[in-house]
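Numbering (UniProt numbering), first residue to last: 1 to 221.
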């Protein structure tokens, strides 16, 4: 039997950092589901395809595939920096609302967990993808902290594109509204998820807490 750990939450709360480091300590596979949506968006933009045509090609010919947080096109790995571009992020948000896209991504997500232990991060992992996950974590942080983290992240990647911190704050507000109000699989905390505020905690402290929670789930007293 394989375990799934679901890590959900809005942008800027530390999902990727926590999931990545936790996966190293536990030797679990880490999957960033945002990369799946961004990869699909990149493919649609690059090929100038409609969503319907892109999905037909993806499912029929399988020239474009996702494997262990890497995307391959014609067996060549794609640089993930391609997915950080503003137009790709915008397109990813658009297509994430579509039923056919979410169904395709859900199939990918669940198939990954059939053969190994997985830590999966996203916005609907505990509610939709793995409702029976052994452990569900919902990360939160104050708006100010999230904006600051996002600004520094883009700055470090040279992806600010002349955006001010006010611009980042506006983007996060819009994304929160979009994530929580969309009709399909909106961002929300699963009833049995454990909420962790990351404002004043280090990555090491959060990981230690999650490992303790996992141990209690695997070996309940």
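Note that CB positions come from ideal geometry on N, CA and C, so glycine has one too.
Residue i - DSSP class collapsed to helix/strand/coil
i           : result
residue 60  : helix
residue 195 : strand
residue 86  : helix
residue 35  : helix
residue 201 : coil
residue 122 : strand
residue 8   : strand
residue 46  : helix
residue 67  : strand
residue 79  : coil
Burial state of residue i, where buried means 16 or more other Cβ atoms lie within 10 Å
i           : result
residue 1   : exposed
residue 25  : exposed
residue 23  : buried
residue 130 : buried
residue 236 : Outside the displayed range of the chain (1 to 221) lies residue 236, so it cannot be described from this structure.
residue 7   : buried
residue 137 : buried
residue 58  : buried
residue 196 : buried
residue 15  : buried
residue 187 : buried
Distance CB(residue i)-CB(residue j) smaller than 7 Å
i           : j           : result
residue 104 : residue 55  : yes
residue 12  : residue 150 : yes
residue 92  : residue 37  : yes
residue 213 : residue 135 : yes
residue 29  : residue 116 : yes
residue 123 : residue 167 : no
residue 32  : residue 153 : no
residue 94  : residue 42  : no
residue 203 : residue 17  : yes
residue 77  : residue 70  : yes
residue 119 : residue 5   : yes
residue 190 : residue 127 : yes
residue 222 : residue 141 : Shown here, the chain extends from 1 to 221; a query on residue 222 therefore has no answer.
residue 97  : residue 182 : yes
Element boundaries [alpha helix (DSSP H), containing residue i]
i           : result
residue 143 : 143 to 156
residue 167 : 165 to 181
residue 160 : Run containing residue 160: none; DSSP gives neither H nor E here.
Span of the beta strand (DSSP E) around residue i
i           : result
residue 103 : Careful: residue 103 lies outside any beta strand (DSSP E), inside the alpha helix (DSSP H) at 99 to 112.
residue 116 : Residue 116 -> no beta strand (DSSP E), and no H or E assigned at all.
residue 139 : 135 to 140
residue 24  : Note, residue 24: premise wrong, no beta strand (DSSP E); alpha helix (DSSP H) at 15 to 26.
residue 189 : From DSSP, residue 189 is part of no beta strand (DSSP E); its letter is neither H nor E.
residue 72  : 70 to 73
Cβ-heavy atom distance, residue i to the ligand GDP, below 6 Å
i          : result
residue 27 : Ligands displayed in this structure: none; no statement on the ligand GDP is therefore possible.
Contact belief for residue i with residue j at Cβ below 8 Å, rounded distance in angstroms
i           : j           : result
residue 108 : residue 66  : 6 Å
residue 145 : residue 165 : Contact flag wrong, Cβ pair sits at about 12 Å.
residue 45  : residue 87  : 6 Å
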